[in-house]
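**Q**
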Amino acid sequence: MQILSHDFRKGYAKLRVNSLDDLWYLSQIIEAGDRVRAKTTRKIKLGEKEEAVKKTITLSIAVEKVEFHKYNNILRIAGKTDEEKEDIPKGSFHTISIDEDSEFTLEKENWPDYLIKRLKEAAEKRYQYLVCVFDREEGYFFLTKNYGYELLTKISGEPEKKEKRAAAKGQFYPEIIKLLGEYAGRFNPERIILASPAFYKEDLAKLVKDGELKKKIVLATCSSVDESAVSEVMKRPELKETLKQSRFWEEINLVEELLIQINKKGMAAYGLKEVKQAVDSGAVEKLLVIDSLIQKKKEEGKFEELNWLMRNTEKSKGEVHIISSEHEGGKKLNGLGGIGAILRFKMEW
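The numbering of the sequence shown is the numbering used here, which starts it at 1237 and goes up by one.
1. By the 10 Å Cβ neighbour count, where 16 or more other Cβ atoms means buried, how is Leu1579 classified, buried or exposed?
2. Under a Cβ-count criterion, where at least 16 other Cβ atoms within 10 Å of its own Cβ denotes burial, should Gln1238 be classed as buried or exposed?
3. Would you call the CB atoms of Ala1519 and Val1369 closer than 8 Å?
4. Nearest to Glu1386 by alpha carbon, out of Arg1372, Val1367 and Gly1375?
5. In angstroms with no decimal places, state the Cα-to-Cα distance between Ser1263 and Asp1439.
6. What is the DSSP secondary structure of Arg1354, counted as helix, strand or coil?
7. Assign Leu1379 to one of three DSSP states: helix, strand, or coil.
8. On the DSSP bridge assignment, give the partners of Arg1312 in chain order.
9. Report yes if the CB atom of Ile1494 is closer than 8 Å to the CB atom of Leu1449, and no otherwise.
10. Quick one: grab the DSSP three-state call for Ile1412.
11. Provide the residue span of the beta strand (DSSP E) that contains Phe1370, from first to last.
12. With DSSP run on the structure shown, which of helix, strand or coil describes Leu1572?
13. If you measure between the beta carbons of Val1511 and Gly1574, is that distance less than 8 Å?
14. Looking at C-beta atoms only, is the number of pairs between the segment 1329-1348 and the segment 1410-1426 that lie closer than 8 Å three or more?
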């Protein structure tokens, strides 16, 4: 995402959307009560007897609802117009669709620090990683996103029979290498992670002849080969340096840190009741909130309590981290009520 211009004190930011990741970020940033000004299409009747025609206009709406349609690559922002425009009366309902290449202005009465941080994070360089998890029978290809990962494809090799192992390697590994080259060309990942049990990854890496492809490859170990293995791979200690710029890696490890502190008893809080007590006491060092809880509270009209927790965590010099529900870390946090806090000092519950 590009921040074309902004003045947070005056309450506005002019933005340009560059990717699907940007739409996910915006779904967390845009809230009911905000104003959005963008180009949009609307059917307008030019005369009483004439049919309505589609016309492109610049329209400003007071936001009432925000919906992110991940699989359609679109963000829908619904609300009422707050100005009269041509044949559109003030107060009429309209939906603005934001997709890749859209430019629009977002206005808020107040920009809390955690939302400014979120917006700037979206504007930073993207670190995508191509992950291939495989053995001699199956291969899974993933592309990491800031909000999780995308399964690109799954391929199958030969059945597990001793006499077919050499043949399997001869047929299956070239297919994996071919796909690695295709995906590397399409997505230009920062690194390519080859992960497998045993020594399959080393065997395959030796067969890669393309110098540019080979330079991007790093190896990791995993215990299983299935769709869930990508989360295991992203936590591997040998990848810590490689993945240090990955938002996906950071979120998974933040949740793991929370779980470790929960086991220490008194150094963590989870669930709204405990977290509120910790925020009231100024004890929160890191607040973790799952994106789906934010969305749920907004839809129920109960977001104010959650918003208060995030704002007051920042007032007491704590960090606020919004965690994606799309990966294993998010699923674990969801099991704790969707919210947790790592504390500065012990509390008694």
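Just so it is clear, CB atoms sit at the ideal spot from N, CA and C, and this is done for glycine as well.
**A** Per the coordinate set shown:
1. Around the C-beta of Leu1579, 16 or more other C-beta atoms lie within 10 Å, and the residue is accordingly described as buried.
2. Per the 10 Å Cβ criterion, exposed.
3. Contact: no.
4. If we check each option's Cα against that of Glu1386, Val1367 comes out closest.
5. Across the structure, Ser1263 and Asp1439 are spaced so that their CA atoms are roughly 43 Å apart.
6. In the structure shown, Arg1354 sits in a helix (DSSP, three-state: H, G or I).
7. DSSP places Leu1379 in the strand class (E or B) of the three-state scheme.
8. Looking at the DSSP assignment, Arg1312 forms a beta bridge with Glu1303 and Ser1333.
9. Per the sequence presented here, residue 1494 reads as Leu, with Ile not at that position. At the C-beta level, Leu1494 and Leu1449 stay beyond 8 Å of one another.
10. Judged by DSSP in its simplified three-state form, Ile1412 adopts helix.
11. Where Phe1370 is concerned, the enclosing beta strand (DSSP E) stretches over Tyr1365 to Phe1370.
12. It is coil, neither helix nor strand.
13. The Cβ atoms of Val1511 and Gly1574 do not sit closer than 8 Å to each other.
14. Verdict: no, contact absent.
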